[in-house]
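Heads up, the thing below is written out as structure tokens.
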Amino acid sequence: MNTNRKRISGRLEQLPRGFTIVTEAGDHWVLEDVEPANDHFGNEVTAEGEVVGLDRLRVDWLGAV
7 MNTNRKRISG RLEQLPRGFT IVTEAGDHWV LEDVEPANDH FGNEVTAEGE
57 VVGLDRLRVD WLGAV
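Sequential numbering of the sequence shown, starting at 7, is according to our numbering.
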């Protein structure tokens with residue numbers, strides 16, 4: 007099992023650093039390699055992928071909660 011894989015849930019926002027999931031704990035995860043659907047913004051989503059930085063996730067899958 008790859009320990010760099012992660013599943014993150016939270017509110018999807020578009021911030022200056024890019025598409026971001028803000029978790030309930032207030033953590034910000036910047037998403038890479040993804041173009042979310044417009045109806046996902048401001049709503050709860052879950053993303054799965056590989057951690058590629060301190061706060062970056064290279065997304066394999068993104069969906070509404």
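We put the CB at the ideal spot given by N, CA and C, even for glycine.
In this text, all values refer to a predicted model and were calculated from it rather than measured experimentally.
Legend entry - Simplified DSSP assignment, three categories, for Asp66: strand
Inset, instruction - In angstroms with no decimal places, state the Cα-to-Cα distance between Arg13 and Thr52. - result: 7 Å
Inset, instruction - State buried or exposed for Phe67, treating a residue as buried only when at least 16 other CB atoms are found within 10 Å of its CB. - result: Note that residue 67 is Trp in the sequence shown here, rather than Phe. The residue in question, Trp67, is exposed, as its Cβ has fewer than 16 Cβ neighbours within 10 Å.
Inset, instruction - With a 10 Å radius around its C-beta and 16 neighbouring C-beta atoms as the bar for buried, classify Val71 as buried or exposed. - result: exposed
Legend entry - Rounded C-alpha distance that separates Val36 from Asp61: 6 Å
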